[in-house]
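Structure record follows, encoded as structure tokens.
Protein chains: 2
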Amino acid sequence: MIEFRVQARSGEARCGVLTTTHGDVPTPAFMPVATQGTVKGLDAADMTTLGVRLAIMNTYHLWLRPGPDVVAAQGGLHAFTRFPGAIVTDSGGFQAFSLAERTRASEAGVEFASHLDGRRLLLSPEEAMRVQGLLGSDIAMQLDVCPPGGAPRPVLVAAVERTTRWAERCLAAAKPGQAVFGIVQGGTDAELRLEHAERLAGLPFAGLALGGFSVGEPNPDMHRTLEVVAPRLDAARPRYLMGVGTPADLVRAIGCGVDLFDCVIPTRNARNGQAFTRQGRLAIRNARYKDDPAPLDAACPCPACRGGYGRSYLRHLHLAREMSAARLLTLHNLHFYGALVAEARGAVQAGDYAAWARARLAELEFEASDEDHAGPQEDATP
Amino acid sequence: MIEFRVQARSGEARCGVLTTTHGDVPTPAFMPVATQGTVKGLDAADMTTLGVRLAIMNTYHLWLRPGPDVVAAQGGLHAFTRFPGAIVTDSGGFQAFSLAERTRASEAGVEFASHLDGRRLLLSPEEAMRVQGLLGSDIAMQLDVCPPGGAPRPVLVAAVERTTRWAERCLAAAKPGQAVFGIVQGGTDAELRLEHAERLAGLPFAGLALGGFSVGEPNPDMHRTLEVVAPRLDAARPRYLMGVGTPADLVRAIGCGVDLFDCVIPTRNARNGQAFTRQGRLAIRNARYKDDPAPLDAACPCPACRGGYGRSYLRHLHLAREMSAARLLTLHNLHFYGALVAEARGAVQAGDYAAWARARLAELEFEASDEDHAGPQEDATP
Chain A
217 MIEFRVQARS
227 GEARCGVLTT
237 THGDVPTPAF
247 MPVATQGTVK
257 GLDAADMTTL
267 GVRLAIMNTY
277 HLWLRPGPDV
287 VAAQGGLHAF
297 TRFPGAIVTD
307 SGGFQAFSLA
317 ERTRASEAGV
327 EFASHLDGRR
337 LLLSPEEAMR
347 VQGLLGSDIA
357 MQLDVCPPGG
367 APRPVLVAAV
377 ERTTRWAERC
387 LAAAKPGQAV
397 FGIVQGGTDA
407 ELRLEHAERL
417 AGLPFAGLAL
427 GGFSVGEPNP
437 DMHRTLEVVA
447 PRLDAARPRY
457 LMGVGTPADL
467 VRAIGCGVDL
477 FDCVIPTRNA
487 RNGQAFTRQG
497 RLAIRNARYK
507 DDPAPLDAAC
517 PCPACRGGYG
527 RSYLRHLHLA
537 REMSAARLLT
547 LHNLHFYGAL
557 VAEARGAVQA
567 GDYAAWARAR
577 LAELEFEASD
587 EDHAGPQEDA
597 TP
Chain B
217 MIEFRVQARS
227 GEARCGVLTT
237 THGDVPTPAF
247 MPVATQGTVK
257 GLDAADMTTL
267 GVRLAIMNTY
277 HLWLRPGPDV
287 VAAQGGLHAF
297 TRFPGAIVTD
307 SGGFQAFSLA
317 ERTRASEAGV
327 EFASHLDGRR
337 LLLSPEEAMR
347 VQGLLGSDIA
357 MQLDVCPPGG
367 APRPVLVAAV
377 ERTTRWAERC
387 LAAAKPGQAV
397 FGIVQGGTDA
407 ELRLEHAERL
417 AGLPFAGLAL
427 GGFSVGEPNP
437 DMHRTLEVVA
447 PRLDAARPRY
457 LMGVGTPADL
467 VRAIGCGVDL
477 FDCVIPTRNA
487 RNGQAFTRQG
497 RLAIRNARYK
507 DDPAPLDAAC
517 PCPACRGGYG
527 RSYLRHLHLA
537 REMSAARLLT
547 LHNLHFYGAL
557 VAEARGAVQA
567 GDYAAWARAR
577 LAELEFEASD
587 EDHAGPQEDA
597 TP
């Protein structure tokens, strides 16, 4: 199981420690997305170099390939992937909707055809927990119903209701000793979210997540909802905002009391040639970098910047479609996200979060990009 | 410039040190292929971890992209790529024939259309040297004419003649201070090879290479020719067998007195899921590894094996087309090749090469694979 202790507060923002059998995770924390058991382009040693203590892996993908029995036979995801930190697995529901084919949802679960070989599978709450139990993650996510952004209220209400029923089934089916997080739905309807949060808080979940954000709704609507809802999620449990977001999203959400995040933005954008820097985002393919010898960010101590790789070289590697480009930009962007949440932690400890966030958001203003909020939450690579 | 000193001999085999302004390279040495300025999937720090002192990069590719002026403006390939060892650049002639389109060779050089954008270019001996001068490699290769395996004698003779004339033009056009290697052609015609070797030895090349091997000829024909030709290449200069080969090829060729090798086999095969081990080659996609927790080679200290990644996990990564699979297998295979030549060096120093080679070849017998000798010498990725 896990334990969670809040160490300091500054306004609604808080910092703490999530204790797992695979190490302590200082919060707020950002989890890199290791969909198929690896962050694309990195290995477990890179994760240690980056100081990553918590990563998220994908139940849908690992269920289909290599299969939970293969992972279990190797001793679970930790032994299998050699990642030395703690691991969250999502439930797979999101991918069963977004990636699979001929999906049909019912009270029983999500029936779908595998995008790999077309075989028909049923992802029920019980199956989601069985698979996650075999994967052996530290934290399993309940199966939930995640409506698209802008769904009408009856759809949101139905999603909340079914998610609650599935929450109970998931808890009943959970592997003993594995922590389970409940997922609050309700779109951008704060009232619905609060009701759902209260119902889930009544169940013995180890943490509470906010799902169904960054699924197509306008970004300001998400933040307006978070401001009302996040501070009222049970304060004793870790609060996890799923699939979010940009650096600015993190700064704002931490200010509302969120502790945990996962998002493909730093890694997916790295593969597309975008680097996060204190001076703004940098599109490495831009011709202005053709002869630029500077590293991505002169002040950055990540392996790519410290290694002295210049923008000119990184641009060349990216245009030449070399894996090394994806690798180096991924190392850089994950370092950026890790440093951002570490700074936020420091600001909470200093009792100074609001001032820090204001200053940081002014720097990050350019960050808001519709593109970031248009894609799927997960690496969609089949 | 470079210096070369033979330190010990055992039969025709020898070991020595190639001294460059970018460090000393113990020979025999195997150069990883970093076609576009990076070994695919690795970064410069990985090269240091592997102990790579010498790598080969590709003039044709770097000429077309990012262009020699871009590289020169960054201070040459060493500064550009951050690879801390010595660098050989090939002349680009091989790729102008194998990769480019609408190629037309004449005494002036090789005219071709870029495979990237179709622009028409002339790779003359002077241009090959100008480009390599701008790239700033430690060792530039002369432009040569490389007939396919099994070419009739008149074609071989014409290739030798033109290569000799181009040798003189290359030396005349070389950048002061950059070492240049001549390339001996002549197919599997030992007499022609010996004549050509003698003529090139009369020119002030810093080293002599054997080109035009592993271009489609039967593998035993190559070794028969090497046995006659390699020992009679000027003993004072480093001898470089281009584009070769399998581990067994290296063991045999070192026995004939070859000092330097480059080949895509360890890296290309890694990307295709093949690992070299003391127990033979291992095709990681094989179903027998589905549940195998063992590393690629239990006795291997490479980052992939030492990191504890099991075959089951590596198979999963490979089948899921994760870059990490290519990266980990590449680290392993390059370590295998590096360890093989280091062992060979030890055997020469021990005065025991023939016995060592016999024992090693018995282990490596399974290695001979027609497939290895069918492909191009270079990473063909455009």
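Going line by line, the protein sequences match chains A and B.
Take 217 as the starting number for the first sequence in the working numbering and just add one per residue.
Take 217 as the starting number for the second sequence in the working numbering and just add one per residue.
Cβ coordinates follow ideal geometry from the N, Cα and C atoms, glycine included.
In this text, all values refer to a predicted model and were calculated from it rather than measured experimentally.
Cut-off 8 angstroms between Cβ atoms - residues of its own chain near residue i, not counting five sequence neighbours on either side
i               : result
A566 of chain B : S226, W572
D285 of chain B : L350
A596 of chain B : Legend: pLDDT at A596 of chain B = 40, less than 50; position of this residue unreliable, value from coordinates given subsequently. Only S314, L315 meet the Cβ criterion.
V569 of chain B : The residue asked about is misnamed: residue 569 of chain B is Tyr in this sequence, not Val. Excluding positions up to five away in sequence, the list reads S226, G227, A229, I470, G471, A560, A563.
H412 of chain B : V376, T379, T380, V400, Q401, G402
K506 of chain A : S528, R531
A510 of chain A : G526, R527
P598 of chain A : Model confidence at P598 of chain A stands at a pLDDT of 35, short of 50, so the residue's coordinates are unreliable and nothing is read from them.
Residue i: contacting residues in chain B (beta-carbon distance under 8 angstroms)
i               : result
V286 of chain A : K506, D507, S528, H532
Y525 of chain A : D259, A260, R298
Residues near residue i by beta carbon distance below 7 angstroms, same chain, minus five either side
i               : result
G591 of chain B : The predicted model places G591 of chain B with a pLDDT of 45, which falls under 50 and marks its position as unreliable, so this point remains unresolved.
D586 of chain B : Unreliable placement is indicated for D586 of chain B, whose pLDDT of 48 sits below 50; no coordinate value is reported for it.
D405 of chain A : R369, L372
F306 of chain A : Residue identity differs from the one stated: residue 306 of chain A is Asp in this sequence, not Phe. For D306 of chain A, where only same-chain residues beyond five positions count, the Cβ hits under 7 angstroms are I272, N274, T275, M357.
For residue i, the residue or residues it bridges with in DSSP
i               : result
F599 of chain B : Residue 599 of chain B falls outside the range modelled here, since chain B spans only 217 to 598, and no answer is possible.
T305 of chain B : B:M273, B:A356
F328 of chain B : B:L337
Q490 of chain A : A:A499
S322 of chain A : A:G325
F397 of chain A : A:M357, A:G423
M438 of chain A : M438 of chain A is not bridged to any residue.
M247 of chain A : A:D478
P242 of chain A : A:V233
V222 of chain B : B:G232
R455 of chain A : A:L424
Contacts of residue i in chain A (Cβ-Cβ under 9 angstroms)
i               : result
R281 of chain B : H532, L535, A536
Same chain, Cβ closer than 6 angstroms to residue i, five either side skipped, listed in chain order
i               : result
L545 of chain B : A486, A491
I272 of chain B : M247, V249, V304, D478
L339 of chain B : G308, A312, G325, V326
F429 of chain B : M438, V460
V431 of chain B : P364, G365
R336 of chain B : A329
G347 of chain B : Gly is not the amino acid found at residue 347 of chain B; the sequence shown has Val there. Within the same chain, V347 of chain B has close Cβ partners T275, W279, P284.
Proximal chain A residues relative to residue i, where beta-carbon distance stays under 8 angstroms
i               : result
M263 of chain B : Going along chain A, no residue has its Cβ under 8 angstroms from M263 of chain B, so there is no contact; the nearest lies around 11 angstroms.
M539 of chain B : K256, G257, M539, A542, R543
Q252 of chain B : H532, L533, A536, E538
CB of residue i within 9 angstroms of CB of residue j, strictly
i               : j               : result
G423 of chain B : L476 of chain B : yes
R479 of chain B : T493 of chain B : The sequence given here places Cys at residue 479 of chain B; Arg does not occur at that position. Not a contact, by the Cβ cut-off of 9 angstroms.
A344 of chain B : L359 of chain B : yes
A452 of chain B : F296 of chain B : no
V255 of chain B : L556 of chain B : no
R543 of chain B : L498 of chain B : no
L530 of chain A : A514 of chain A : no
L535 of chain B : R501 of chain B : yes
P242 of chain B : R269 of chain B : yes
A425 of chain B : R455 of chain B : yes
L533 of chain A : G283 of chain B : no
Y525 of chain A : P463 of chain A : no
M357 of chain A : T237 of chain A : no
L419 of chain A : L387 of chain A : yes
L416 of chain A : A390 of chain A : no
Beta carbon proximity, residue i to chain E, threshold 9 angstroms
i               : result
A520 of chain B : Absent here is chain E; the protein component of the structure consists of chains A and B.
Per-residue contacts from residue i into chain B (C-beta, under 7 angstroms)
i               : result
A289 of chain A : D507
G308 of chain A : Correct list: empty, because the minimum Cβ distance to chain B is about 16 angstroms.
Counting pairs of beta carbons, one from the stretch 289-300 of chain B and one from the stretch 343-354 of chain B, are three or more of them closer than 8 angstroms?
-> A contact exists between the stretch 289-300 of chain B and the stretch 343-354 of chain B.
So does the stretch 366-382 of chain B actually touch the stretch 391-409 of chain B, counting three or more Cβ pairs closer than 8 angstroms?
-> yes
Using 8 angstroms as the threshold, is the stretch 252-265 of chain B in touch with the stretch 442-449 of chain B, meaning 3 or more CB pairs across them?
-> no
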